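Report on the structure given below.
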Amino acid sequence: MKSPRECALIAARAADERKATDIMVIKVGDMIDVTDYFVIATGANTPQVEAILDSVEEALRKEAEIKPVAREETKDHSWELLDYGSFVVDVFQPEARDFYRLEMLWGDAPIVDLAEAGIEHPEYSERIAKLVGDVKEARGE
């Protein structure tokens, strides 16, 4: 059985393989009781968002032998998620990601280095690159 962290990293890797951008894995378990990790990513449009989620769901089914408790979406598909209980995968279209800024709600939560998922060169927007850079700088990386 894989840990929530390992599963979150599998999800991040699957999202990256579908060309998701602004991928973040945030450890929120010490701050909230609902889940341990958020995996947040951006897809350019509805088909890409759906392809990212399908890829994540398939990778987790194959590699961790788990299925989501729920799959939810907004009416316009600008934000969709997979809820696995101990971790949640949120995939946004760019405008929704910028509007909701979910990663800012958990600004004090640790951000997991995507290198743990084998993602060496993630693609970040300017806003997310600054956020990730500030965290790495605070860690002394």
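FYI, numbering that gives the first Met the number 0 numbers position 115 of the sequence shown as 114, with every residue one higher than the one before it. Think of the CB as a built atom: it goes at the ideal place given N, C-alpha and C, for glycine as much as any other residue. Keep in mind it's a predicted model, so treat the numbers as computed, not measured.
{"Item": "Residues sharing a beta bridge with residue 25, DSSP", "Value": "37 and 110"}
{"Item": "Neighbourhood of residue 60 by C-beta, 8 Å cutoff - its chain only, sequence neighbours within 5 removed", "Value": "66"}
{"Item": "Limits of the alpha helix (DSSP H) - the one that residue 69 falls within", "Value": "Element bounds for residue 69: not the alpha helix (DSSP H) but the beta strand (DSSP E), 69–72."}
{"Item": "Where residue 141 falls: helix, strand or coil (DSSP)", "Value": "No answer is possible for residue 141: the residues shown for the chain start at 0 and end at 140."}
{"Item": "First through last residue of the beta strand (DSSP E) which encompasses residue 75", "Value": "That residue, residue 75, is in no beta strand (DSSP E); it is neither H nor E in DSSP."}
{"Item": "Classification of residue 77 by the beta-carbon crowding that lies within 10 angstroms, buried from 16 upward", "Value": "buried"}
{"Item": "Per-residue DSSP class, three states only, for residue 89", "Value": "strand"}
{"Item": "Whether residue 17 touches residue 116 by CB criterion (8 Å)", "Value": "no"}
{"Item": "Beta-carbon gap between residue 112 and residue 101 smaller than 8 Å", "Value": "no"}
{"Item": "According to DSSP, residues forming a beta bridge with residue 81", "Value": "70 and 88"}
{"Item": "Cutoff 6 Å; reference residue 99; Cβ partners in own chain excluding five residues on either side", "Value": "none"}
{"Item": "Cβ-based burial, residue 39 [other Cβ within 10 Å; buried from 16]", "Value": "buried"}
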